[in-house]
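> Residues in the sequence shown are numbered from 213 upward in steps of one, following the numbering used here. By construction, the Cβ of each residue, glycine as well, lies at the ideal position given by its N, Cα and C atoms. Note that the coordinates shown come from a computational prediction; the quantities given were computed from them, not determined experimentally.
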Amino acid sequence: MDDLVVKDMKIVPCVNSKFVQPSRLQFNQNGINREWDYINVHDSVAALLLNTTRDAFILVKQFRPAVYMRMNRELNKQEGEDKSTIIQDSTSQPFKAAINDAVTYELCAGIVDKNIPLKSVMKEEVLEECGYDVPESHFRKVFSAWGSVGFAGSLQTLFFAEVTNDMKVNEGGGNRSEGEKIEVYYLPRKDVLAFLYDENLPKPPSLMAAFFWYLNTQHTSNNDH
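(1) Kindly list the residues whose CB is nearer than 8 Å to the CB of residue 240, restricted to its own chain and excluding five residues on each side of it in sequence; keep chain order.
(2) Quick one: what does DSSP say residue 427 is sitting in, helix, strand or coil?
(3) Could you tell me the boundaries of the alpha helix (DSSP H) in which residue 336 lies?
(4) Could you tell me which of 317, 277 and 333 sits nearest to residue 309, measuring between CA atoms?
(5) Classify residue 437 as helix, strand or coil using the three-state DSSP reduction.
(6) Reducing DSSP to helix, strand and coil, say where residue 245 ends up.
(7) Considering only the alpha carbon of each residue, which of 325, 335 and 307 lies closest to residue 291?
(8) What three-state label does DSSP hand residue 419 in the structure shown?
(9) Check each candidate in 218, 407, 329 and 333 and name the one with the smallest Cα separation from residue 320.
(10) Classify residue 305 as helix, strand or coil using the three-state DSSP reduction.
(11) Helix, strand or coil: which one does DSSP assign to residue 263?
(12) Using alpha carbons as the reference points, say which of 263, 242 and 232 lies closest to residue 249.
(13) Taking just the CA atoms, how far does residue 324 sit from residue 453?
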C-alpha cells in the first residue's frame with residue numbers, strides 16, 4: 213500500500229473497548245481448580261468472492277496494528293531491546309518494524325454487530341470494502357467455524373459468491389468515517405496456489421481454509437464440466 217501513512221504511535225491502556233472485553237473464568241475440572249483468561253468478541257462473517265468476469269478472486273489488504281505489534285516485539289527481541297519472556301508491550305519500546313510488513317491479505321469480512329441475517333451483514337461488508345453490490349441470493353454458506361479457541365472462541369461464518377464487473381458500483385475501501393483504509397486486491401485464479409504458499413504475503417488461516425475448500429470442491433467440479 214504505497215500511500216499508507218501511519219505515525220504518532222503510542223501504547224495506551226485498553227479501557228471501555230467496544231470490541232474486546234477481557235475476563236477470567238474460574239472452574240474445577242476433574243478435581244483441579246483452574247483459571248482461564250479469555251476475551252469476549254463479536255462473531256463475524258467472511259466471503260470468498262470470485263469475479264468471473266476477471267477470473268480473479270477479490271481480496272482486501274489493510275494495515276493490522278496487532279500484527280504490527282507482534283512483528284515489532286520480535287524485532288526488538290532480536291536486537292536486544294526486549295529481553296522479557298512475558299507477552300507484554302512496553303510503553304517505552306521503540307517502533308522499529310516496517311509498517312507495510314503488517315499489511316495483510318484477507319477475505320472481505322466484518323463483525324456481526326447488528327440484529328440482521330448474516331447474509332445481510334455480508335452484503336453490507338462487500339459493498340463497503342470492495343464496492344460490489346451483490347444480491348443476497350448470490351451468497352452461499354460454506355461453513356461456520358470457531359476461531360481463536362484458546363482465548364476468544366468466536367464463530368465465523370464463511371460464504372462464497374460469484375460476482376461480475378457490472379455489480380461494481382464504487383471503489384470500496386472501507387468505512388472512511390472510522391479511518392478504515394482498505395485496498396481491493398484481485399488475485400488471478402491461476403495464481404492461487406503460489407499465493408497461498410508464499411509466506412512473505414501475510415494472511416490469516418481463515419483465508420487459507422476458504423481457498424482450500426474452493427480448490428477441493430468448486431475447482432474440481434468446474435474442471436469436470
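Taking the geometry as given:
(1) Correct list, in chain order: 246.
(2) Reduced to three states, the DSSP call for residue 427 is helix.
(3) DSSP places residue 336 inside the alpha helix (DSSP H), whose first and last residues are 330-342.
(4) The shortest Cα separation from residue 309 among 317, 277 and 333 belongs to 277.
(5) Low confidence applies here, because residue 437 scores a pLDDT of 41, under 50, leaving its location unreliable and the question unanswered by this model.
(6) Residue 245: strand per DSSP, three-state reduction.
(7) For residue 291, the closest of 325, 335 and 307 by C-alpha to C-alpha distance is 307.
(8) Residue 419: helix per DSSP, three-state reduction.
(9) Taking residue 320 as reference, the option from 218, 407, 329 and 333 with the minimal CA-CA separation is 333.
(10) In this structure, residue 305 counts as coil in the three-state DSSP scheme.
(11) Residue state, collapsed to three classes: strand.
(12) Relative to the Cα of residue 249, the nearest Cα in the group 263, 242 and 232 belongs to 232.
(13) Outside the displayed span of the chain (213 to 437) sits residue 453, for which this structure offers no information.
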